[in-house]
Amino acid sequence: MRRSTILRAVATALALAPLAVPAAYAQEEGDSVLVALPQQVTAWTENFNPFNQTTTVPSIRDFAYEQLVIFNRMQGGTAEYRLADSYEYGDDLKSVTFHLRDGLKWSDGEDLTADDVIFTFNMIKDHPALDLRTVWDRIDGVEKIDDQTVKFDFKEVDTGLIFDLVRVHTVPEHIWADVEDPVSFTNPNPVGNGALTEIVRFTPQEYVQCRNPYFFQADDLEVDCMRFPQIANNDQALTAAARGELDWFGSFLPDIEKTYVAQDPEHHKYWFPGGSLVIFNMNLESENAGNAEAFSDVAFRRAFSMAMDRQAMVDIAGYGYPTINQYPSGLGQGYHAWNNPEVDAEYGQYTEYNVDGAKALLDEAGYADTNGDGFRETPSGEEISFDVIVPNGWTDWVNTVQIAIEGLNEAGINARVATPEAAAWTQELIDGSYDAAINALVVGVTPHMAFDTFHSRKKGTTRFSATRWTNAELDPLLDSFFKTADRDEQQAIMDDIQMILGREMPHVPVFNNPYWYQYNTARFEGFFSADNAQAVPVVHDGNPERVLHLLQLSPKS
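Be aware that the sequence shown starts at 61, since it is given in the numbering used here, and climbs by one per residue.
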């Protein structure tokens, strides 16, 4: 069987090959091994649980566990069918029914049926920590129509709920039914349904994930394995990339034309389409009384925003790659078609760099240096002192935070930079043990996806809802957006959402990152590009379209 041949060859070659010469063994053995960098870490952790948010390896979702459907953001939300081959809404728009493909199997050869989908959703209902998208707040139930058909009943009309339903990765009932605690389960021998399910090598320094012999598109998959080296920071990524050791990655590379492209102009390529919203979070439920008092005051949040030199963040920290975001709501240039200009007119002053204005605003709100230490206290006399956390090694973000700290300090705010590891940073954002942080919100087909992170039902559920700010006016507007398919009605709702967010400024937008995406055509071809813009091209976890990308890649002959 081809599976055993590939796995034996790859495992043998990996045991013999020096790590500094990635993928040479693949060519020697006749098997294609693509080297990718979806995440920078100091060490890989052997965790293959697709519901884990902190330590799971970044290739388990999408590559080992597929979605029912992928809605292609770069193609206006076009449905790309995966485990399902169709879906339809009920006449009253209060249900959606998915039809699974014929002949689906798990990587151990067992049949994948509607029972697995229903089991997965009931499991996350029984263990709410796994319900990362809070779908059970919005569905009444899930029922089996037949072995290939599953129906979800909604509590009310919600045409946007499907975007969250499909992001729940189906797991095999015959494996997970015996798991006592699926929250802490590391899934050491993953049985999946995606393209690459077989972990043939795992160390803290690298792991290799190979093809699923029962993958439903096995005939279309020309990459036999993916190798994931441990790389800790952007500097190490640049070194490996410049040497041609990475095929598919996404890192911040300073002066990319000189440092990367010029090393091999024929093969070293990049494409930076517009992407995620980068923000500063303040934890309104900080355990520090002074910080909580300040963060809960819109005047302080506005002053924080006015102390941000966004242009320097873009030009200096980001080498000009990001796009400045001065929308008071954080909307961003990519969604300008949804913009409410009244929000800009009324609150735009608070996203302009103006440290003197920030000082005046703080003075007026009663923030003063009452103990002579050079920093302001709250109106009630409490100390304000906080770290702004940013993942270690994310040099562009670290430099962005440094620029932010300079502005805050100049305004009399006692803030510092702290650089925990990425997993610790994520955990602090989720559990609320941080004070302030730089963060990013993923983007969807509409602005609703980013703004819905402020819904009260999502408070503290993921790192995207880290502010712990909610608003009674906002919830019903967010809920109503997908209760209509009328674009004008949705625009009116989005106008009101932006007005609330612009007025309250629960987070501080600074810029929109590009999608960081670099590739090397020396060994593989078919990569997405500005001339081949099929889908969001990044290899990072959180981008389901990356499996569409993988299926377009093939080794050069």
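Backbone N, C-alpha and C define an ideal beta-carbon position, used for all residues, glycine too.
ask   = Is P574 helix, strand or coil by DSSP?
value = As a position in the sequence shown, residue 574 is number 514, starting the count at 1. P574 falls in the strand class under three-state DSSP.
message = Alpha carbons only, please: which of I473, P273 and N247 is nearest the one belonging to A354?
response = Here residue 354 refers to the residue found at position 294 of the sequence shown. For the residues I473, P273 and N247, the minimum Cα distance to A354 belongs to I473.
request  = With DSSP as the reference, label T180 as helix, strand or coil.
outcome  = For the purposes of this step, residue 180 is taken as the residue at position 120 of the sequence shown. Residue state, collapsed to three classes: helix.
query = What is the DSSP secondary structure of G562, reduced to helix, strand or coil?
reply = For the purposes of this step, residue 562 is taken as the residue at position 502 of the sequence shown. G562 falls in the helix class under three-state DSSP.
key: Outcome for A545 when other beta-carbon atoms lying within 10 angstroms are tallied against a minimum of 16   = Within the sequence shown, numbered from 1, the residue matching residue 545 stands at position 485. Exposed.
inquiry  = In chain order, what are the residue ranges of uninterrupted alpha helix (DSSP H) at least 4 long that sit wholly in the stretch 108 to 172?
reply    = As for any alpha helix (DSSP H) of minimum length 4 sitting wholly inside the stretch 108 to 172, there is none.
request  = Would you mind stating whether P110 and H229 have Cβ atoms separated by less than 8 angstroms?
outcome  = Position 50 of the sequence shown, counting from 1, holds the residue named residue 110. Position 169 of the sequence shown, counting from 1, holds the residue named residue 229. Yes; because the gap between Cβ atoms is below 8 angstroms, this pair is in contact.
ask   = Does the distance from the CB of Q113 to the CB of L192 come in under 8 angstroms?
value = Working through the sequence shown from its first residue, we reach residue 113 at position 53. Working through the sequence shown from its first residue, we reach residue 192 at position 132. Contact flag set, yes.
request  = Tell me where the alpha helix (DSSP H) around E470 begins and ends.
outcome  = For this step, residue 470 is matched to residue 410 along the sequence shown. E470 -> alpha helix (DSSP H) spans T455 to E470.
key: CA-to-CA distance, Q290 to T105, given in whole angstroms   = Within the sequence shown, residue 105 is the residue found at index 45, counting from 1. Within the sequence shown, residue 290 is the residue found at index 230, counting from 1. So the alpha carbons of these two residues sit roughly 11 angstroms apart.
Close Cβ partners of N580 (< 7 angstroms) along its chain, the five nearest in sequence each way excluded = Position 520 of the sequence shown, counted from the start, is the residue given in the question as residue 580. Once the five neighbours on either side are set aside, the close Cβ partners of N580 are G304, L306, D307, H327 and H328.
ask   = Given that a residue counts as buried once 16 or more other Cβ atoms are within 10 Å of its Cβ, and exposed if not, what is T521?
value = Looking up residue 521 in the sequence shown gives position 461. Around the beta carbon of T521, a 10 Å sphere encloses 16 or more other beta carbons of the protein chains shown; the residue is thus reported as buried.
query = Starting from H328 and walking both ways along the beta strand (DSSP E), at which residues does that stretch end?
reply = Here residue 328 is taken as the residue at index 268 of the sequence shown, counted from 1. For H328, the enclosing beta strand (DSSP E) stretches over residues H328 to Y330.
inquiry  = I'd like to know whether the C-beta atoms of T527 and M342 end up nearer to each other than 8 angstroms.
reply    = Translated into positions along the sequence shown, residue 527 becomes position 467. Translated into positions along the sequence shown, residue 342 becomes position 282. For T527 and M342, yes; Cβs fall inside 8 angstroms.
key: H396, buried or exposed, once every other Cβ within 10 Å from all chains shown has been counted against 16   = Indexing the sequence shown from 1 puts residue 396 at position 336. In the assembly as shown, H396 is an exposed residue. Its beta-carbon has fewer than 16 other beta-carbons within 10 Å.
task = Below 6 angstroms CB to CB, which residues in the same chain sit around V81 once its five sequence neighbours on both sides are set aside?
result = Start at 1 with the first residue of the sequence shown, and residue 81 comes out as number 21. Its pLDDT being 32, under 50, V81 is placed unreliably in this model, and the value from its coordinates should be taken loosely. Excluding residues within five positions, none has a Cβ falling inside 6 angstroms.
key: Residues near A483 by beta carbon distance below 7 angstroms, same chain, minus five either side   = Within the sequence shown, numbered from 1, the residue matching residue 483 stands at position 423. So the qualifying residues of the chain are T114 and T115.
ask   = Roughly how far, in whole angstroms, is the beta-carbon of M554 from the beta-carbon of F541, given that I think they are within contact range, below 8 angstroms?
value = The sequence position of residue 554 within the sequence shown is 494, counting from 1. The sequence position of residue 541 within the sequence shown is 481, counting from 1. Yes, they are in contact, since the Cβ atoms of M554 and F541 sit about 7 angstroms apart, within 8 angstroms.
task = Helix, strand or coil for M368, going by three-state DSSP, please let me know.
result = Along the sequence shown, read from residue 1 onward, the residue named residue 368 stands at position 308. Of the three classes helix, strand and coil, the one that applies to M368 here is coil, per DSSP.
query = Are the stretch 497 to 517 and the stretch 130 to 138 in contact at 8 angstroms, needing three or more beta carbon pairs?
reply = The stretch 497 to 517, when compared against the stretch 130 to 138, does touch it at the 8 angstroms Cβ threshold.
request  = Could you spell out where the beta strand (DSSP E) holding A590 opens and where it closes?
outcome  = Residue 590 sits at position 530 when you count from the first residue of the sequence shown. Looking at the DSSP string, A590 is not in any beta strand (DSSP E), and its letter there is neither H nor E.
inquiry  = Give me the residue from A322, D175, C285 and E402 with the minimum Cα distance to L94.
reply    = Sequence index remark: in the sequence shown, residue 94 carries index 34 (1-based). Comparing Cα positions, the closest option is C285.
key: Nonlocal neighbours in the same chain, by C-beta distance under 8 angstroms from E282, ignoring five residues either side   = Within the sequence shown, residue 282 is the residue found at index 222, counting from 1. Excluding residues up to 5 positions away in sequence, S92, L613, S614 and P615 lie with their Cβ nearer than 8 angstroms to the Cβ of E282 in the same chain.
request  = Would you list the residues sitting across from E443 in a DSSP beta bridge?
outcome  = The sequence position of residue 443 within the sequence shown is 383, counting from 1. Under DSSP, the beta-bridge partners assigned to E443 are E437.
Straight-line Cα distance separating D238 from I120 = On the sequence shown, position 60 is the one that residue 120 refers to. On the sequence shown, position 178 is the one that residue 238 refers to. When rounded, the distance between both Cα atoms is 20 angstroms.
key: As assigned by DSSP and simplified to three states, the class of R606   = Mapped onto the sequence shown, residue 606 falls at position 546. Three-state result, R606: helix.
key: Inter-residue Cα distance where the pair is E258 and Q594   = Numbered from its first residue, the sequence shown carries residue 258 at position 198. Numbered from its first residue, the sequence shown carries residue 594 at position 534. When the Cα atoms are used, E258 and Q594 turn out to be separated by approximately 27 angstroms.
message = Quick test of the definition: if touching needs 3 or more C-beta pairs under 8 angstroms, does the stretch 567 to 576 touch the stretch 385 to 399?
response = Between the stretch 567 to 576 and the stretch 385 to 399, the count of Cβ pairs shorter than 8 angstroms is three or higher; the stretches touch.
task = Note down the Cα distance separating N592 from A464, rounded to an integer number of angstroms.
result = Numbered from its first residue, the sequence shown carries residue 592 at position 532. Numbered from its first residue, the sequence shown carries residue 464 at position 404. A direct Cα-to-Cα measurement between N592 and A464 gives close to 37 angstroms.
request  = Answer yes or no: do G453 and P439 have a C-beta to C-beta separation smaller than 8 angstroms?
outcome  = Translated into the one-based positions of the sequence shown, residue 453 becomes position 393. Translated into the one-based positions of the sequence shown, residue 439 becomes position 379. Going by C-beta atoms, G453 is not nearer than 8 angstroms to P439.
key: Start-end ranges of the beta strand (DSSP E) lying completely within the stretch 489 to 573, minimum 3 residues   = Here the runs fully enclosed are 496 to 501.
inquiry  = On the criterion of 16 or more Cβ atoms from any shown chain inside 10 Å, does P264 qualify as buried, or is it exposed?
reply    = The residue given as residue 264 occupies position 204 in the sequence shown. By the neighbour-count rule (16 or more Cβ atoms within 10 Å), P264 is not buried but exposed.
Identity of the residue in D539, L608, D369 and F514 nearest E216 by Cα = Locating residue 216 in the sequence shown gives position 156, counting from the first residue. It is D539.
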